[in-house]
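Q: When you line the sequence shown up against the working numbering, it's residues 976 to 1174, in that order.
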Amino acid sequence: MPSDTDAAPRAQARAELLVVALEQFAVDGYHATSLQQIADRAGYAKSNVLYHFGSKEGLLNAALSAAVDDLAALVDTFPRRGAGVDPREFVERFVDYLFAHRLEVVLIVNQGQSLADVPVVDRAMAVIARLALEICSEDASIAEQLRFGVALAGAAYTLVAGRTILGGTLEPEDGDAEARTALVDILAELLAPAARPLG
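What follows is the structure, encoded as structure tokens:
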């Protein structure tokens, strides 16, 4: 039986593998990334990856589950008609979510269609569809649907590619409150025309 002293290194290895896998999947693509590449980049043997996750899909599930759970919880807080809640507060929480889970979001948004048979991605797409229905009415115009898609995908892309296209000004560790405020303003403006009237 493994001792408690073995648990800490195992937990550290698992966490390191998750960080590397998420980055590789988001940047290079899930299908283009092998377990061996992840193991090599993290400094572990491929057998360590299989020990912790069982398969590449198991690794993807572990990498995305917390972000999908957080998104589902966030969507549950969407202001309902007559709730007396400021929709901007929701947008602020949504932007904070995007900063916290930028790699997960870009992976789901950019690769969701090609990973539709993976249960955790299916679940993520269902949550995004729920969010779209909360923001857009069921009979939303094509323009409103596109506005939602551009807002979500554009915000996710900008946060991930921000370092390259904007000189690193959107890195969460920069603590750039100005970037956060700007993104909240932009998303609030993009989503407001499609949002259901409250009250």
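All C-beta atoms in this analysis are idealised placements derived from N, C-alpha and C, irrespective of residue type, glycine included.
Values in this document were obtained by computation on a predicted structure and should not be read as measured data.
Within its chain, find whatever has a CB closer than 7 Å to the CB of Phe1000; leave out the 5 residues flanking it on each side and keep chain order.
A: Locating residue 1000 in the sequence shown gives position 25, where the first residue counts as 1. Taken in chain order, the residues that qualify are Thr1008, Leu1035, Ala1038 and Leu1082.
Q: List in chain order: all unbroken alpha helix (DSSP H) runs of 4+ residues lying wholly within the segment 978-1007.
A: As far as the segment 978-1007 is concerned, its whole alpha helix (DSSP H) runs of at least 4 residues are 979-1003.
Q: Using only the alpha-carbon positions, how far apart do Leu1025 and Glu1032 sit?
A: Against the sequence shown, residue 1025 aligns to sequence position 50. Against the sequence shown, residue 1032 aligns to sequence position 57. For Leu1025 and Glu1032, the distance between alpha carbons rounds to 11 Å.
Q: With a Cβ-Cβ cutoff of 8 Å, do Ala988 and His1027 count as a contact?
A: As a first step, residue 988 is located in the sequence shown; it is residue number 13 there, counting from the start. As a first step, residue 1027 is located in the sequence shown; it is residue number 52 there, counting from the start. Yes.
Q: If contact is defined by three or more beta carbon pairs under 8 Å, each pair taking one atom from either stretch, is the segment 1105-1118 in contact with the segment 1082-1093?
A: Touching, no.
Q: Tell me whether Met976 is buried or exposed, calling it buried when 16 or more other Cβ atoms sit within 10 Å of its Cβ.
A: As a working note, residue 976 is residue 1 in the sequence shown. Per-residue confidence for Met976 stands at a pLDDT of 48, beneath the threshold of 50, marking its modelled position as unreliable; the derived number appears in the next sentence. The residue in question, Met976, is exposed, as its Cβ has fewer than 16 Cβ neighbours within 10 Å.
Q: Alpha carbon to alpha carbon, how far is Phe1065 from Gln1012?
A: Numbered from 1 along the sequence shown, position 90 holds the residue referred to as residue 1065. Numbered from 1 along the sequence shown, position 37 holds the residue referred to as residue 1012. Each residue's alpha carbon lies about 38 Å from the other.
Q: How is Phe1123 classed by DSSP in three states: helix, strand or coil?
A: Here residue 1123 corresponds to residue number 148 of the sequence shown, with the count starting at 1. Looking at Phe1123 - three-state DSSP - the assignment turns out to be helix.
Q: Measuring CA to CA, which of Leu1127, Ile1161, Arg1068 and Asn1023 is closest to Ala986?
A: The count along the sequence shown starts at 1 and reaches residue 986 at position 11. Nearest of Leu1127, Ile1161, Arg1068 and Asn1023 to Ala986, Cα basis: Asn1023.
Q: Could you have a look at Tyr1072 and say whether DSSP puts it in helix, strand or coil?
A: Against the sequence shown, residue 1072 aligns to sequence position 97. Helix at Tyr1072.
Q: Just mark Ile1110 as buried or exposed, buried being the case when its beta carbon has 16 or more other beta carbons within 10 Å.
A: For the purposes of this step, residue 1110 is taken as the residue at position 135 of the sequence shown. Buried, since its Cβ has 16 or more Cβ neighbours within 10 Å.
Q: Whole angstroms are fine: how far does the CA of Leu1165 sit from the CA of Ser1116?
A: Position 141 of the sequence shown holds residue 1116. Position 190 of the sequence shown holds residue 1165. Using only the alpha carbons, I get a separation of about 14 Å.
Q: Do you know how far the Cα of Glu1079 is from the Cα of Leu997?
A: By 1-based counting over the sequence shown, the position of residue 997 is 22. By 1-based counting over the sequence shown, the position of residue 1079 is 104. If I take the Cα positions, the gap works out to 7 Å.
Q: Cβ atoms of Val1070 and Arg1155: under 8 Å apart, would you say?
A: Looking up residue 1155 in the sequence shown gives position 180. Looking up residue 1070 in the sequence shown gives position 95. Their beta carbons are under 8 Å apart, which means Arg1155 touches Val1070 by this criterion.
Q: Round the Cβ separation of Ala1163 and Arg1098 to the nearest angstrom and send it over; I've been treating them as touching at under 8 Å.
A: Stepping through the sequence shown from its first residue, residue 1163 is reached at position 188. Stepping through the sequence shown from its first residue, residue 1098 is reached at position 123. Contact doesn't hold; Cβ gap of about 27 Å is too wide.
Q: Tell me whether the beta-carbon of Arg1016 lies closer than 8 Å to the beta-carbon of Val1050.
A: Counting from 1 along the sequence shown, the entry for residue 1016 is found at position 41. Counting from 1 along the sequence shown, the entry for residue 1050 is found at position 75. Not a contact, by the Cβ cut-off of 8 Å.
Q: Can you name the start and end residues of the alpha helix (DSSP H) that Ala1037 belongs to?
A: Here the question's residue 1037 lines up with position 62 in the sequence shown. Unbroken alpha helix (DSSP H) run through Ala1037: Lys1031 to Asp1051.
Q: What does a CB cutoff of less than 6 Å around Leu1046 pick up in its chain, not counting 5 residues either side in sequence?
A: Residue mapping note: residue 1046 aligns to position 71 of the sequence shown, counting from 1. Val1102.
Q: Can you have a look at Ala1014 and say buried or exposed, based on whether 16 or more other CB atoms are within 10 angstroms of its CB?
A: Locating residue 1014 in the sequence shown gives position 39, counting from the first residue. Buried: at least 16 other Cβ atoms inside 10 Å.
Q: Just the Cα atoms here: how many angstroms apart are Leu1121 and Asp981?
A: Residue 1121 sits at position 146 when you count from the first residue of the sequence shown. Residue 981 sits at position 6 when you count from the first residue of the sequence shown. Going from the Cα of Leu1121 to the Cα of Asp981 covers about 50 Å.
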